[in-house]
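Here's the structure, in structure tokens; my notes come after.
Residue numbers (my numbering): 121 to 411.
Below is the structure:
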């Protein structure tokens with residue numbers, strides 16, 4: 121049986137090793153509506169010792185518990201450099217997430233984690249980075265983008281291609297509108313259905329590849345979004361000659377327990393919650409039913 125291994129000097133973290141199903145109490149400190157369905161929640165772990173030792177990598181996820189209701193896996197949206205707080209972008213789509221959307225600042229939830237394998241941030245340094253996001257897929261990529269922003273001098277060209285169904289469904293719209301005008305980020309946004317206020321591109325996110333230049337010898341690709349988009353985005357990245365081991369994607373498939381015990385997220389012989397959720401394309405090609 122696979123076991124989630126966690127190493128930390130903190131007594132509280134050692135307690136989590138002994139009982140990985142036990143959540144930490146966390147207080148809601150901020151609630152920011154983003155769209156009709158998605159809201160950005162900010163949490164602060166109440167236990168000082170746990171909070172001081174808490175670290176994560178962009179691309180990892182937390183298990184969010186609403187006491188008396190249940191729990192759900194949610195990707196982390198804040199950058200690892202933002203200490204003391206955790207941001208989760210949550211879509212109101214079920215019992216647990218619905219209950220969370222009924223809560224207020226000051227209310228207490230449970231958090232356990234972080235879990236999974238994130239993006240290879242250290243290995244990405246010194247390279248150009250091409251990030252492609254669709255819909256809610258921008259939520260975990262926001263963590264990575266903000267982390268890159270915090271260490272911007274360590275990276276080459278950073279290109280972000282962002283697609284959404286319509287302008288009202290673009291998450292973090294205000295931040296990305298600001299980044300669109302920065303010289304050190306190349307951000308292009310597109311929507312399937314524009315409205316009278318939209319002044320950006322129209323069409324599928326794959327159409328944006330015609331507008332960018334890629335150095336395949338020095339570029340790392342990152343994809344996150346609806347599973348249906350992966351195949352088409354990968355085709356575009358491969359047309360740009362990106363190597364299969366330098367295209368990374370996140371598979372958040374039916375995750376439940378977060379520690380490889382329930383088999384909900386089994387992908388072939390691997391578990392998305394432990395071996396992923398981030399895989400490179402070479403790994404994904406060898407996973408049954410991954411694509």
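Note that the Cβ used here is the ideal one computed from N, Cα and C, for glycine as well.
- Excluding five sequence positions before and after residue 312, the CB atoms of its chain that fall closer than 6 angstroms to its own CB belong to 285, given in chain order.
- The region 301-312 makes contact with the region 262-278: 3 or more CB pairs, one atom from each, lie closer than 8 angstroms.
- A residue is called buried when at least 16 other Cβ atoms come within 10 angstroms of its Cβ; residue 402 does not meet this threshold and is exposed.
- Here residue 160 is near residue 152, since their CB atoms are less than 8 angstroms apart.
- Of the residues assessed, residue 325 falls on the buried side of the cut-off, its CB having 16 or more other CB atoms within 10 angstroms.
- Secondary structure of residue 338 (DSSP, three-state): coil.
- Contact between residue 170 and residue 219 is absent: CB atoms are separated by about 23 angstroms, not below the 8 angstroms threshold.
- Sequence-distant Cβ neighbours of residue 227 in its own chain, meaning closer than 6 angstroms and more than five residues away, are 148.
- The Cβ atoms of residue 180 and residue 230 do not sit closer than 8 angstroms to each other.
- In terms of CA proximity to residue 323, 310 leads the group 315, 329, 310 and 175.
- Secondary structure within the region 193-232: the beta strand (DSSP E) runs of 3 or more consecutive residues, fully enclosed, are 206-211 (chain order).
- Residue 289 is a Cβ neighbour of residue 255, given a cutoff of 8 angstroms.
- Around residue 371, the same chain offers 387, 392, 396, 397, 399 and 410 as residues with beta carbons nearer than 7 angstroms, after the five sequence neighbours per side are excluded.
- Comparing alpha-carbon positions, the option among 378, 281 and 244 lying closest to residue 339 turns out to be 244.
- DSSP, read as helix, strand or coil, puts residue 144 in strand.
- As DSSP reads the structure, residue 391 sits in a beta bridge with 386.
- Straight across, the Cα-Cα distance linking residue 381 with residue 193 is about 14 angstroms.
- Of the residues assessed, residue 337 falls on the exposed side of the cut-off, its CB having fewer than 16 other CB atoms within 10 angstroms.
- Straight through space, the alpha carbons of residue 195 and residue 351 are spaced by roughly 22 angstroms.
- Here the alpha carbons of residue 375 and residue 184 stand approximately 12 angstroms from one another.
- Short of 6 angstroms from the beta carbon of residue 334, and not among the five residues preceding or following it, lie these beta carbons of its own chain, in chain order: 360.
- Burial is judged here by how many other beta carbons sit within 10 angstroms of a residue's own beta carbon; residue 390 has at least 16 and is buried.
- Shown here, residue 281 sits in a strand according to DSSP, grouped into three states.
- By the neighbour-count criterion, in which a residue is buried when 16 or more other Cβ atoms sit within 10 angstroms of its Cβ, residue 301 is exposed.
- For the region 311-367, the continuous alpha helix (DSSP H) assignments of 4+ residues that do not extend past its boundaries occur at 347-359, in sequence order.
- When DSSP reads this structure, residue 306 sits in a beta bridge with 279.
- At the C-beta level, residue 341 and residue 362 come within 8 angstroms of one another.
- For residue 253, the beta-bridge partners assigned by DSSP are 282 and 344.
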